[in-house]
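Novice:
2 protein chains.
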Amino acid sequence: MSEKGRIESASEATTLRLSLLLRCVRTLDAAGVRTISSSALAERFGLNSAQIRKDLAMFGEFGVRGVGYHVTELMSRLKEVMGLDRTRVVVIVGAGNLGQALADSRNFNGEGFTVAALFDVDGRKIGGRSRTVVLIRDASGIPVDAQQIGAEIGILAVPPDAAVAAAEALARGGVRAILNFAPVTVPPISDVIVKNMDLSFFLEGLSFQLARM
Amino acid sequence: MSEKGRIESASEATTLRLSLLLRCVRTLDAAGVRTISSSALAERFGLNSAQIRKDLAMFGEFGVRGVGYHVTELMSRLKEVMGLDRTRVVVIVGAGNLGQALADSRNFNGEGFTVAALFDVDGRKIGGRSRTVVLIRDASGIPVDAQQIGAEIGILAVPPDAAVAAAEALARGGVRAILNFAPVTVPPISDVIVKNMDLSFFLEGLSFQLARM
DNA sequence: TGCTGTGAAACCGTTCACAGCT
DNA sequence: AGCTGTGAACGGTTTCACAGCA
Numbered sequence: 001m002s003e004k005g006r007i008e009s010a011s012e013a014t015t016l017r018l019s020l021l022l023r024c025v026r027t028l029d030a031a032g033v034r035t036i037s038s039s040a041l042a043e044r045f046g047l048n049s050a051q052i053r054k055d056l057a058m059f060g061e062f063g064v065r066g067v068g069y070h071v072t073e074l075m076s077r078l079k080e081v082m083g084l085d086r087t088r089v090v091v092i093v094g095a096g097n098l099g100q101a102l103a104d105s106r107n108f109n110g111e112g113f114t115v116a117a118l119f120d121v122d123g124r125k126i127g128g129r130s131r132t133v134v135l136i137r138d139a140s141g142i143p144v145d146a147q148q149i150g151a152e153i154g155i156l157a158v159p160p161d162a163a164v165a166a167a168e169a170l171a172r173g174g175v176r177a178i179l180n181f182a183p184v185t186v187p188p189i190s191d192v193i194v195k196n197m198d199l200s201f202f203l204e205g206l207s208f209q210l211a212r213m
Numbered sequence: 214m215s216e217k218g219r220i221e222s223a224s225e226a227t228t229l230r231l232s233l234l235l236r237c238v239r240t241l242d243a244a245g246v247r248t249i250s251s252s253a254l255a256e257r258f259g260l261n262s263a264q265i266r267k268d269l270a271m272f273g274e275f276g277v278r279g280v281g282y283h284v285t286e287l288m289s290r291l292k293e294v295m296g297l298d299r300t301r302v303v304v305i306v307g308a309g310n311l312g313q314a315l316a317d318s319r320n321f322n323g324e325g326f327t328v329a330a331l332f333d334v335d336g337r338k339i340g341g342r343s344r345t346v347v348l349i350r351d352a353s354g355i356p357v358d359a360q361q362i363g364a365e366i367g368i369l370a371v372p373p374d375a376a377v378a379a380a381e382a383l384a385r386g387g388v389r390a391i392l393n394f395a396p397v398t399v400p401p402i403s404d405v406i407v408k409n410m411d412l413s414f415f416l417e418g419l420s421f422q423l424a425r426m
């Protein structure tokens, strides 16, 4: 038994696969499956068994030789590894279509996350609430409010020219990770994880593939 | 002069970088910059000059030795390579928060794309319109309507249990590429490019990184 | 026997460094 | 001289294949 496997790497791709794996394991758990081998997992969800084992091995020894993985245990270990065993407070800047969509999304209010506030500059929106009753606050109060709310993660759903300033405001409010959906690159901010994620890139990716067929 | 460089690979990562590069080049063009070298591009936008050259070389010879790249030409060549020199018709299934957000988004109605229809199963929504006047149609008509509209790309913004059926309906309607935002994996469909893109994976990725600091 | 965990091999993408064109 | 385009070196990730444990 090794002492908690090395976590030197943990690449982007690995992270994505862990999320996918967690989803698969949740599905199995909901279906009442108790135990599953890496190859059964792979076959059932179109993955690669060796890769599953390698990914998991990176964080310790999760399985039982000759048997496979215990579904409920695997699920809770995965949540732990991914930091989903606690609830992180999320705030969203930009109460437009996208911002409200995310605020009300089951995915963003499920296990591991709660959306605690929306921020906007539009006086007509401030003081209102999203469908799931998230309060819309004045964006000028971001640093103070984020701090007070205890926000750890911020999401940018603002127009491109407002993104960088909003990111900095969030950082001042103690937010430690930012997911930016605005179509500009928010440059690195010290002590903050910034993930730029322009949705139109996915559409362009499809267009690119369609163009060469 | 080589005859249009080999396109054997064109990986996911390359595609994403091309989108990013196009955005950078647009910025330069808007700023009136006429000519730029790969190293200047790299420095200005935090990229890697060798990688820019490699990425571009994959699709032909774009630059001028001793000078760099002509901004407007690079921009149009990139659009061409990515299939953005024509407008593709996009339809969105699911007229909930996210579907409407995407339908109205500048990004999804910019160069290269037009959102031509929304589909939903909710009778109260059918016949209505999004803020930017995209008509909401009955989801049961997807195969017929998508065909008639000439949709090439479909976006799934539906609940998880509706995603696979919606994808199949789109495929029957002649849609050749599908972007799935629902938190389930839509399995491969023959002759259709399927891109599964659960937004909560990005949040989980941040949580994962926060968990190990 | 059956499956995990893991070194070793194969593969792929990135970075380097320079030949060659302008 | 300056910068592109590219073969070669490098580093990282994926796949293979098996030793070792239940």
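As you go down the protein sequences, you meet chains P and F in turn.
At position 119 of the first sequence (counting the first as 1) the number is 119 in our numbering, and the numbers step up by one without a gap.
At position 135 of the second sequence (counting the first as 1) the number is 348 in our numbering, and the numbers step up by one without a gap.
Backbone N, C-alpha and C define an ideal beta-carbon position, used for all residues, glycine too.
Keep in mind the model is a prediction, meaning the values are calculated, not measured.
#1: Residues in the same chain with beta-carbon distance under 6 Å from VAL294 of chain F, minus the five sequence neighbours each way, listed in chain order, please.
#2: By the 10 Å Cβ neighbour count, where 16 or more other Cβ atoms means buried, how is GLN360 of chain F classified, buried or exposed?
#3: Given a cut-off of 7 Å, decide if GLY281 of chain F and THR248 of chain F are closer than it, judged by their beta-carbon atoms.
#4: Looking only at C-alpha atoms, which of P:GLN51, P:PHE119 and P:ARG176 sits nearest to ALA162 of chain P?
#5: Counting only beta-carbon atoms, is ALA390 of chain F nearer than 7 Å to chain P?
#6: On a Cα-Cα basis, can you pick out the residue from P:SER200, P:THR14 and P:LYS79 that is closest to VAL328 of chain F?
#7: ILE193 of chain P CB to nearest chain F CB: under 7 Å?
#8: Using a Cβ-Cβ distance under 7 Å, would ASP333 of chain F count as near chain P?
#9: Compile a chain-ordered list of the residues in the stretch 284-316 of chain F whose CB is closer than 8 Å to at least one CB of chain P.
#10: Could you list the residues in the stretch 199-210 of chain P with a C-beta less than 9 Å from some C-beta on chain F, going in chain order?
#11: Starting from the C-beta of LYS216 of chain P, find all residues in its chain whose C-beta is less than 6 Å away, skip the five residues before and the five after it, and write them out in chain order.
#12: Assign GLU274 of chain F to one of two classes, buried (16 or more other C-beta atoms within 10 Å of its C-beta) or exposed (fewer than that).
#13: What is the DSSP secondary structure of LYS292 of chain F, counted as helix, strand or coil?
#14: Are the C-beta atoms of MET1 of chain P and some chain F residue less than 7 Å apart?
#15: Check whether chain P comes within 7 Å of GLY325 of chain F, counting only Cβ atoms and requiring the distance to be less than that.
#16: Using a Cβ-Cβ cutoff of 7 Å, what residues of the stretch 148-165 of chain P are near chain F? List them in chain order.
#17: From the DSSP secondary-structure annotation, give me the bridge partner or partners of VAL192 of chain P.
#18: Expressed to the nearest angstrom, what Euclidean distance is found between the alpha-carbon atoms of GLY340 of chain F and ARG350 of chain F?
#19: Would ARG86 of chain P be called buried (16 or more neighbouring beta carbons within 10 Å of its own) or exposed?
#20: Can you look up ASP351 of chain F in the DSSP assignment and give me helix, strand or coil?
#21: Rounded to whole angstroms, what is the Cα-Cα separation between SER403 of chain F and ARG389 of chain F?
#22: In the DSSP assignment, the beta strand (DSSP E) including LEU392 of chain F goes from what residue to what residue?
#23: For a cutoff of 7 Å on Cβ pairs, would you count SER19 of chain P as touching chain F?
#24: To which residues of the same chain is SER130 of chain P closer than 8 Å at the C-beta, ignoring the five residues directly before and after it?
#25: Answer with buried or exposed for LYS292 of chain F, where buried requires no fewer than 16 other C-beta atoms within 10 angstroms of its C-beta.
#26: CB-CB under 6 Å to ARG230 of chain F, same chain, minus the five flanking residues each way: which ones, in chain order?
#27: In whole angstroms, what is the alpha-carbon distance linking VAL277 of chain F and ASP242 of chain F?
#28: In the DSSP assignment, what residue or residues form a beta bridge with ALA330 of chain F?
#29: Applying the 10 Å Cβ sphere with the 16-neighbour rule, what's the burial state of PRO188 of chain P?
#30: Does the beta-carbon of SER11 of chain P have 16 or more other beta-carbons within 10 angstroms, so that it is buried, or is it exposed?
#31: Specify the secondary structure class of LEU98 of chain P as computed by DSSP and reduced to three states.
#32: VAL302 of chain F and GLU365 of chain F - do their beta-carbons sit closer together than 7 Å?
#33: To the nearest angstrom, how far is the alpha carbon of SER250 of chain F from that of PRO159 of chain P?
#34: If we cut at 7 Å on Cβ distances, does PRO183 of chain P have a partner in chain F?
#35: Determine, using beta carbons only, whether ILE406 of chain F and GLY386 of chain F come nearer to each other than 7 Å.
Specialist: Short version:
#1: Here residue 294 of chain F refers to the residue found at position 81 when the second sequence is read from its first residue. Cβ within range, chain order: PHE272.
#2: Walking along the second sequence from the start, residue 360 of chain F turns up at place 147. Exposed: under 16 other Cβ atoms inside 10 Å.
#3: Start at 1 with the first residue of the second sequence, and residue 248 of chain F comes out as number 35. Start at 1 with the first residue of the second sequence, and residue 281 of chain F comes out as number 68. Yes, Cβ-Cβ distance for THR248 of chain F and GLY281 of chain F is below 7 Å.
#4: Locating residue 162 of chain P in the first sequence gives position 162, where the first residue counts as 1. Minimum Cα distance to ALA162 of chain P is reached at P:PHE119.
#5: Reading the second sequence from its first residue, position 177 is the one you call residue 390 of chain F. Yes, contact with chain P.
#6: Against the second sequence, residue 328 of chain F aligns to sequence position 115. The closest CA to that of VAL328 of chain F, considering only P:SER200, P:THR14 and P:LYS79, is found on P:SER200.
#7: For the purposes of this step, residue 193 of chain P is taken as the residue at position 193 of the first sequence. Yes, contact with chain F.
#8: Here residue 333 of chain F is taken as the residue at index 120 of the second sequence, counted from 1. With 7 Å as the cut-off, ASP333 of chain F does not count as an interface residue toward chain P.
#9: VAL294, MET295, GLY296, LEU297, ARG301, VAL303, GLY309, ASN310, LEU311, GLN313, ALA314 and LEU315
#10: The stretch 199-210 of chain P vs chain F, Cβ under 9 Å: LEU199, SER200, PHE201, PHE202, LEU203, GLU204, GLY205, LEU206, SER207, PHE208, GLN209 and LEU210.
#11: The question about residue 216 of chain P has no answer here: the residues shown for chain P are numbered 1 through 213.
#12: Start at 1 with the first residue of the second sequence, and residue 274 of chain F comes out as number 61. When all chains shown are included, GLU274 of chain F counts as exposed.
#13: Here residue 292 of chain F corresponds to residue number 79 of the second sequence, with the count starting at 1. LYS292 of chain F falls in the helix class under three-state DSSP.
#14: Locating residue 1 of chain P in the first sequence gives position 1, counting from the first residue. In this predicted model, MET1 of chain P has a pLDDT of only 35, less than 50, meaning its place in the structure is not dependable enough to derive any value.
#15: Taking the first residue of the second sequence as position 1, residue 325 of chain F is located at position 112. It does; some Cβ of chain P falls within 7 Å.
#16: Of all residues in the stretch 148-165 of chain P, GLU152 and ILE153 have a Cβ within less than 7 Å of some Cβ in chain F.
#17: Taking the first sequence and counting its residues from 1, the one referred to as residue 192 of chain P is at position 192. Note: VAL192 of chain P sits in a beta bridge opposite P:ILE189.
#18: Counting from one through the second sequence, the residue named residue 340 of chain F turns up at place 127. Counting from one through the second sequence, the residue named residue 350 of chain F turns up at place 137. In a straight line, the C-alpha of GLY340 of chain F is about 6 Å away from that of ARG350 of chain F.
#19: For the purposes of this step, residue 86 of chain P is taken as residue 86 along the first sequence, with counting starting at 1. Classification for ARG86 of chain P: exposed.
#20: If you number the second sequence from 1, residue 351 of chain F lands on position 138. Reduced to three states, the DSSP call for ASP351 of chain F is strand.
#21: Here residue 403 of chain F is taken as the residue at index 190 of the second sequence, counted from 1. Here residue 389 of chain F is taken as the residue at index 176 of the second sequence, counted from 1. Approximately 9 Å between the Cα atoms of the pair.
#22: For the purposes of this step, residue 392 of chain F is identified with residue 179 of the second sequence, where counting begins at 1. 390-393 is the extent of the beta strand (DSSP E) around LEU392 of chain F.
#23: Here residue 19 of chain P corresponds to residue number 19 of the first sequence, with the count starting at 1. SER19 of chain P counts as touching chain F.
#24: Taking the first residue of the first sequence as position 1, residue 130 of chain P is located at position 130. Excluding sequence neighbours, SER130 of chain P sits near ALA95, GLN100, ALA103, ASP104, LEU118 and ILE136.
#25: As a first step, residue 292 of chain F must be located in the second sequence, where it is residue number 79. Note on LYS292 of chain F: 16 or more other CB atoms within 10 angstroms of its CB, so buried under the neighbour-count rule.
#26: For this step, residue 230 of chain F is matched to residue 17 along the second sequence. Taking C-beta separations shorter than 6 Å and ignoring five residues to either side along the sequence, the partners of ARG230 of chain F in its chain run ASP268, following chain order.
#27: For the purposes of this step, residue 277 of chain F is taken as the residue at position 64 of the second sequence. For the purposes of this step, residue 242 of chain F is taken as the residue at position 29 of the second sequence. Whole-angstrom Cα-Cα distance: 18 Å.
#28: Against the second sequence, residue 330 of chain F aligns to sequence position 117. Its beta-bridge partners are F:VAL304.
#29: In the first sequence, counting from the first residue as 1, residue 188 of chain P sits at position 188. When all chains shown are included, PRO188 of chain P counts as exposed.
#30: The sequence position of residue 11 of chain P within the first sequence is 11, counting from 1. That one is exposed.
#31: What you label residue 98 of chain P is simply residue 98 of the first sequence in a count that begins at 1. Correct three-state label for LEU98 of chain P: helix.
#32: Taking the second sequence and counting its residues from 1, one reaches residue 365 of chain F at position 152. Taking the second sequence and counting its residues from 1, one reaches residue 302 of chain F at position 89. Yes, the Cβ-Cβ distance between GLU365 of chain F and VAL302 of chain F is below 7 Å.
#33: As a working mapping, residue 250 of chain F is identified with position 37 in the second sequence. As a working mapping, residue 159 of chain P is identified with position 159 in the first sequence. For SER250 of chain F and PRO159 of chain P, the distance between alpha carbons rounds to 29 Å.
#34: For this step, residue 183 of chain P is matched to residue 183 along the first sequence. So, interface residue.
#35: On the second sequence, residue 406 of chain F is found 193 positions in, with the first residue counted as 1. On the second sequence, residue 386 of chain F is found 173 positions in, with the first residue counted as 1. Taking 7 Å as the Cβ cut-off, ILE406 of chain F and GLY386 of chain F do not qualify as a contacting pair.
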